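Encoded as structure tokens, the structure appears first; notes follow it.
Residue numbers (the numbering used here): 12 to 163.
Structure follows, in structure tokens:
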């Protein structure tokens, strides 16, 4: 597989999960998006905002060198601070940035060590991208499960 093929597959996966997460999140009633189905668990809104912080941090800041500053604690606040349309716009913007950064990665960059201290540091950028994609799919599955639980 070439770097271009890898980037194309990664880009397609981001698009597929963006659509899936949007669909599942949109299916949850506005009044339930901040509901934590189980005490101590994140709400669907928390998870979408978490992904919306993770993607620009790692793709934008780490891989591209943007000046994005992540506020991870805010992603998990227990009280509502945004409505569904705003959350989805933030998520869409994060996915678009990730795709834009991927489009600029060449073979040499994909093989360089990721400029990250601690996990998932010390790995090539292509492995960092893979970890970011599995993170997206993991939380996408959680959001799908929550959309079903909260539909009742």
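Idealized CB from N, CA, C, for every residue including glycine. From a predicted model like this one, the values you see are computed outputs, not experimental measurements.
Query, Result
"Quickly, what does DSSP pair residue 135 with across the bridge? List them, please.", "124"
"Relative to the alpha-carbon of residue 21, which residue among 133, 147, 157 has its alpha-carbon at the smallest distance?", "147"
"Taking Cβ positions, are residue 161 and residue 39 nearer each other than 7 angstroms?", "yes"
"Output the boundary residues of the alpha helix (DSSP H) element that contains residue 47.", "Run containing residue 47: none; DSSP gives neither H nor E here."
"Which class does residue 141 belong to by DSSP, given the choice of helix, strand or coil?", "helix"
"Using 7 angstroms as the threshold, is the C-beta distance between residue 35 and residue 110 below it?", "no"
"Is the beta carbon of residue 73 sitting closer than 7 angstroms to the one on residue 18?", "no"
"Are the region 57-67 and the region 84-97 touching, with three or more C-beta to C-beta distances below 8 angstroms?", "yes"
"By the 10 Å Cβ neighbour count, where 16 or more other Cβ atoms means buried, how is residue 112 classified, buried or exposed?", "buried"
"Measuring straight from C-alpha to C-alpha, what distance separates residue 23 and residue 77?", "23 angstroms"
"In this structure, how does DSSP classify residue 93 when only helix, strand and coil are distinguished?", "coil"
"When we look at the beta-carbon of residue 143 and count the other beta-carbons within 10 Å, is it buried (16 or more) or exposed?", "buried"
"Taking the straight line between their C-alpha atoms, what separation do you get for residue 135 and residue 75?", "15 angstroms"
"Under a Cβ-count criterion, where at least 16 other Cβ atoms within 10 Å of its own Cβ denotes burial, should residue 140 be classed as buried or exposed?", "buried"
"What does a CB cutoff of less than 6 angstroms around residue 91 pick up in its chain, not counting 5 residues either side in sequence?", "45"
"Could you check the C-alpha separation between residue 107 and residue 29 for me, to the nearest Å?", "10 angstroms"
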